[in-house]
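Working notes, beginning with the structure itself.
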Amino acid sequence: MRIDDIIKEGERVDDLHRNGYRIIQDPKRFCFGIDAVILSGFARVKKGEAVLDLGTGTGILPILLEGRSEGKQFTGLEIQSESVEMAKRSVALNGLEEKITIVEGDLKKAAVLFGGSVFDVVTANPPYMNAGGGLQNPSDAKAIARHEILCTLEDVVCAAAKVLRPGGRFYMVHRPHRLTDILCLMRQYGLEPKRLRFVHSYVEKAPTMVLVEAGRGGRPMVRVEAPLVIYRKPGEYTEEIYEIYYGEGQA
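Just so we're aligned: 91 in numbering that gives the first Met the number 0 is position 92 of the sequence shown, and the numbers increase by one with no gaps anywhere.
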């Protein structure tokens, strides 16, 4: 498919450095960040599994996960019509229509849209900031992506718990200062935290993100993994980040 036939004015096409995949983005709306990329490296998708990404935005996580796993089917759920339309075009651009489905809808109604206990894996890169805080335009796409305007942390965890099969896995990236809320909400909704990994910009700096894996059901036991460090020095990724971006596949 020719790019000129699918891209609109003001948009750009970015190379995802995996399987030749590309993604359409509009800098005026919202572009994915490194948090989505490292979440794709943290999430484990096994052969034949069905995956749902809550609040998929422009579809970055389903595309990356399809490229690095042997999952059977990937679904992205997004409430903003413009993002849904853009994500569908990215899926088509990569010829992934048979593997990836983008659905417009509210994640709070995920169990109604898809049914309960139907997915093996759920992922989420939710808004990090509480609603309010002097927002200038709460309807702006960037504000919706960054602030809890259309959904809360509890909404995300509750939705994941409802659509996961027993034994299914939930993967999320968030800010460390919300970790207590995250773990308490997971327990509240029957998701048992299993893995934690803190993400640091530099080895000597405090973590800026935390990756969390939880399972639906199972015995209480959580493993804290070695920190993930993004930069060796300004502008230079660590070997592990380079592998997440450019590696050939998932172990």
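Ideal placement from N, C-alpha and C gives every residue a C-beta, glycine not left out.
For this session: Return the chain-ordered list of same chain residues with a C-beta closer than 7 Å to the C-beta of V156, the five sequence neighbours on each side being excluded.
Result: Excluding sequence neighbours, V156 sits near L184, M185, Y188 and L190.
Exercise. Should G279 be labelled buried (16 or more other beta-carbon atoms within 10 Å of its own) or exposed?
Worked result: Because residue 279 is not part of the residues shown, which for the chain are 0 to 250, the question remains open.
Exercise. Helix, strand or coil: how does DSSP classify K204 here?
Worked result: In the structure shown, K204 sits in coil (DSSP, three-state: anything other than H, G, I, E or B).
For this session: From the DSSP output, in three-state form, read off T151 for me.
Result: T151 falls in the coil class under three-state DSSP.
For this session: Give me whichever residues DSSP pairs with V32 in a beta bridge.
Result: Correcting the residue identity first, residue 32 is Gly in this sequence and not Val. Answer is none; G32 lacks a bridge partner.
Exercise. Should L92 be flagged as near chain C, meaning a C-beta pair shorter than 8 Å?
Worked result: The structure shown contains no chain C, having only a single protein chain.
For this session: Starting from E274, follow the alpha helix (DSSP H) in both directions and report where the run begins and ends.
Result: Coverage of the chain is limited to positions 0 through 250, which leaves residue 274 absent and any answer about it impossible.
Exercise. What is the rounded straight-line gap between the Cα of A144 and the Cα of I22?
Worked result: Reliability of the predicted coordinates at A144 is poor, the pLDDT of 48 falling under 50, and the value obtained from them is presented with this limitation in mind. When the Cα atoms are used, A144 and I22 turn out to be separated by approximately 17 Å.
Exercise. Under the rule that 16 or more other beta-carbon atoms within 10 Å means buried, what is D52, buried or exposed?
Worked result: Classification of D52: buried, given that the 10 Å Cβ count is 16 or more.
For this session: Closer than 7 Å by C-beta to G9: which residues in its own chain qualify, once you throw out the five before and the five after it? Chain order, please.
Result: Only residues of its own chain outside the window of five on either side were considered, and among them D25 and K27 have a CB closer than 7 Å to the CB of G9, listed in chain order.
Exercise. What's the C-alpha gap between I240 and Y230?
Worked result: Whole-angstrom Cα-Cα distance: 8 Å.
For this session: Return the residue from the list K45, M85, K71 and V198 that minimises the CA-CA distance to E97.
Result: For the residues K45, M85, K71 and V198, the minimum Cα distance to E97 belongs to K71.
For this session: Please say whether I99 and P61 have beta carbons closer to each other than 8 Å?
Result: P61 places its beta carbon less than 8 Å from that of I99.
Exercise. Less than 8 Å separating the beta-carbons of V42 and T122?
Worked result: Going by the sequence as given, residue 42 is Ala instead of Val. Yes; because the gap between Cβ atoms is below 8 Å, this pair is in contact.
Problem set entry | alpha helix (DSSP H) runs wholly inside the segment 168-250, at least 4 long, in chain order | Within the segment 168-250, the complete alpha helix (DSSP H) runs of at least 4 residues fall at 178-187 and 238-245.
For this session: Might you give, ordered along the chain, the residues of its own chain that have their beta carbon closer than 6 Å to the beta carbon of L182, omitting 5 neighbours on each side?
Result: Closer than 6 Å at Cβ, skipping near neighbours: P192.
Problem set entry | One or two residues paired with I101 in a DSSP bridge | Here I101 is bridged, per DSSP, to G75.
Exercise. Taking the alpha carbon of H176 as the point to measure from, which residue in L210, K161 and G166 has its own alpha carbon closest?
Worked result: The option with the nearest alpha carbon to H176 is L210.
For this session: Identify whether R17 lies in helix, strand or coil by the three-state DSSP scheme.
Result: R17: coil per DSSP, three-state reduction.
Exercise. If we count the other Cβ atoms within 10 Å of its Cβ and call it buried at 16 or more, is C125 buried or exposed?
Worked result: A small correction: the amino acid at residue 125 is Pro; Cys does not occupy that position in the sequence shown. By the beta-carbon neighbour count (other beta carbons within 10 angstroms, threshold 16), P125 is buried.
For this session: Please report how far the alpha carbon of V90 lies from the alpha carbon of G58, in whole angstroms.
Result: Taken atom to atom, the span from the alpha-carbon of V90 to that of G58 is near 8 Å.
Exercise. Where does I62 fall in DSSP's three states?
Worked result: Three-state DSSP puts I62 in a helix.
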